[in-house]
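As structure tokens, the structure follows; a few thoughts come after it.
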Ligand code: NDP
């Protein structure tokens, strides 16, 4: 199956921001492939073709990109959206928890980028839109590993953008504030209850409330993603 429309690949399109972005990109005229670890073969919903993907697996990433290229011949836009949160006091979280978080939020995004970039370079065009967070540039007590993962996404994206512009490819950032999704419910809880966790959480919530606008709708973030995908003169960052 080929398409005359530009092809957008959105990771983590089963829920929240990714789901809203996949629908908005389809409405904006893109052929959209969304991913979910829960997708079955040839799963098509609301104008979006769903394929399975675990960004933490090298073989899953390679197989997904092969399937998209086989089916549509190109990838014009990659939205690296799949991600998890995970809170807890820095010294009480296990290193394994922090490593798992990085394996999805940072190395998942890097795995996808490495797999898609050669196709975009061969095309001489493409946009990689990385979903960071306001926590990519402000601190977040009791979410240090998560904030570190998003700071890493910022540094990786901006550096790579300078590297690949010469090949017609751009790497752009979308930095959502707190957005109403199932993010917290979908995020792993501390393996053992943290002694002062509720108290820590209250402090954290006060800091966060002061640091950012609360309650953005996923559709608002999706608009920024469509703008990044379609902007004739792309900026590095979209709010
Ligand atoms: P949701 O929990 O609603 O959605 C997360 C998505 O990521 C799901 O579709 C899930 O798909 C997918 N996902 C999780 N783990 C993996 C994995 N290992 N491999 C592939 N896909 C995976 O969260 P949001 O929509 O809120 O979050 C999306 C992005 O936005 C994240 O990167 C998050 O850090 C960022 N963000 C969120 C904010 C918020 O307040 N909600 C604020 C700022 C940034 P499935 O389970 O089907 O595989």
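Numbering (full-length UniProt numbering), first residue to last: 1 to 239.
In this text, a Cβ means the ideal position worked out from N, Cα and C, and glycines have one as well.
Please state the DSSP three-state secondary structure of residue i.
{"i": "residue 55", "result": "coil"}
{"i": "residue 128", "result": "strand"}
{"i": "residue 180", "result": "coil"}
{"i": "residue 216", "result": "strand"}
{"i": "residue 156", "result": "helix"}
{"i": "residue 145", "result": "helix"}
{"i": "residue 13", "result": "coil"}
{"i": "residue 93", "result": "coil"}
State the Cα-Cα distance for the pair residue i and residue j, rounded to the nearest angstrom.
{"i": "residue 88", "j": "residue 137", "result": "19 Å"}
{"i": "residue 113", "j": "residue 92", "result": "32 Å"}
{"i": "residue 181", "j": "residue 17", "result": "7 Å"}
{"i": "residue 73", "j": "residue 2", "result": "7 Å"}
{"i": "residue 144", "j": "residue 188", "result": "15 Å"}
{"i": "residue 106", "j": "residue 95", "result": "15 Å"}
{"i": "residue 238", "j": "residue 148", "result": "20 Å"}
{"i": "residue 57", "j": "residue 130", "result": "19 Å"}
{"i": "residue 166", "j": "residue 78", "result": "18 Å"}
{"i": "residue 81", "j": "residue 13", "result": "8 Å"}
{"i": "residue 103", "j": "residue 185", "result": "19 Å"}
{"i": "residue 66", "j": "residue 59", "result": "11 Å"}
{"i": "residue 35", "j": "residue 42", "result": "11 Å"}
{"i": "residue 226", "j": "residue 63", "result": "26 Å"}
Compute the minimum distance between the beta carbon of residue i and the heavy atoms of the ligand GDP, and state whether it is under 7 Å.
{"i": "residue 54", "result": "The ligand content of the structure shown is limited to the ligand NDP, which means the ligand GDP is not among them."}
CB of residue i to nearest heavy atom of the ligand NDP: below 7 Å?
{"i": "residue 13", "result": "yes"}
{"i": "residue 82", "result": "yes"}
{"i": "residue 186", "result": "yes"}
{"i": "residue 49", "result": "no"}
{"i": "residue 183", "result": "yes"}
{"i": "residue 178", "result": "yes"}
{"i": "residue 88", "result": "no"}
{"i": "residue 129", "result": "no"}
{"i": "residue 241", "result": "Limits of the chain in this structure are 1 at one end and 239 at the other, which puts residue 241 out of reach."}
{"i": "residue 45", "result": "no"}
Taking the DSSP output, what are the residues bridged to residue i?
{"i": "residue 49", "result": "33, 44"}
{"i": "residue 80", "result": "130"}
{"i": "residue 237", "result": "173"}
{"i": "residue 8", "result": "32, 77"}
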